[in-house]
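Participant: Okay, handing you the structure first.
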Amino acid sequence: LSGENTNSYGEIAFGGKFNQFFGSEFSVGQFNAEAKYGKDRADVSTIPVLLSLRLGVPIAIVEPYVLFGGGAYFTTIDVGSRSASTVAGGYHVGLGVDVALGPVLVGIESRYFSTVGQTFDADIRLDGYTYAVKAGVRF
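Note that this note's numbering has the sequence shown beginning at 8, numbered continuously upward.
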């Protein structure tokens, strides 16, 4: 696949902190992309199921952080009348910042992800960046 263009991305995450600096989160997402497979257009739909470790530095109500982790990427690729599905392991690394407004968290985050799966008798590499605006609740 080449020339990937992500059309949409969304994620639901649940996390916790081990102490004021370290934490983890479990997330399930969905992203759709278009790419080229030879001369054909490919529609790619992926559901990443991820576990991340997070290192943050709280400064008053702001917390910049780095995260890294891995998980399973459930991917379906449609090329013309052909369709194939694969599950592959992958990793991600990212940067973000959260702002605590009482029990409400708002923030932004950017991640790089990479995974390689087997489909259509070839290795298919999916990698790229995601950018997110986040909102959540602490409890």
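In this text, a Cβ means the ideal position worked out from N, Cα and C, and glycines have one as well.
Measuring alpha carbon to alpha carbon, tell me which residue in Ala129, Gly101, Gly63 is nearest Pro71.
Facilitator: The option with the nearest alpha carbon to Pro71 is Gly63.
Participant: Would you kindly work out how many angstroms separate the C-alpha atoms of Val113 and Gly30, rounded to a whole number?
Facilitator: If you take the alpha carbons of Val113 and Gly30, they lie about 17 Å apart.
Participant: Among Ala49, Pro65, Arg48, which residue has its Cα nearest to the Cα of Asn26?
Facilitator: Ranking the options by Cα distance to Asn26, first place goes to Pro65.
Participant: Quick check on Ala42: buried or exposed, where buried means 16 or more other Cβ atoms within 10 Å of its Cβ?
Facilitator: The residue is buried, with at least 16 neighbouring Cβ atoms inside 10 Å.
Participant: Can you list, in chain order, the residues of its chain with a C-beta nearer than 8 Å to that of Val94? Leave out the 5 residues immediately preceding and following it.
Facilitator: Excluding residues within five positions, the ones whose Cβ falls inside 8 Å are Ala79, Tyr80, Phe81, Thr82, Gly124.
Participant: Please check the pair Ala20 and Phe33, which I expect to be a contact at CB under 8 Å, by giving their CB distance rounded to whole angstroms.
Facilitator: Rounded, the Cβ-Cβ distance is 7 Å, consistent with contact.
Participant: Are the Cβ atoms of Val104 and Val69 separated by less than 8 Å?
Facilitator: Yes; because the gap between Cβ atoms is below 8 Å, this pair is in contact.
Participant: Arg89 to Gly23, Cα distance in whole Å?
Facilitator: Approximately 42 Å between the Cα atoms of the pair.
Participant: Do you know how far the Cα of Val51 is from the Cα of Asn14?
Facilitator: Using only the alpha carbons, I get a separation of about 10 Å.
Participant: Could you tell me the boundaries of the beta strand (DSSP E) in which Ile131 lies?
Facilitator: It spans 129-144 - the beta strand (DSSP E) in which Ile131 sits, taken as one unbroken run.
Participant: Suppose the cutoff is 8 Å on Cβ atoms and the five residues either side in sequence are ignored; what does the same chain contact list for Lys141 look like?
Facilitator: Only Gly103, Asp105, Leu112, Val113, Gly114, Ile115, Glu116 meet the Cβ criterion.
Participant: Find out if the Cβ-Cβ distance for the pair Asp130, Phe120 is shorter than 8 Å.
Facilitator: Cβ atoms of Asp130 and Phe120: not closer than 8 Å.
Participant: State the start and end residues of the unbroken beta strand (DSSP E) segment that holds Pro65.
Facilitator: Neither: Pro65 is in no beta strand (DSSP E) and is coded neither H nor E.
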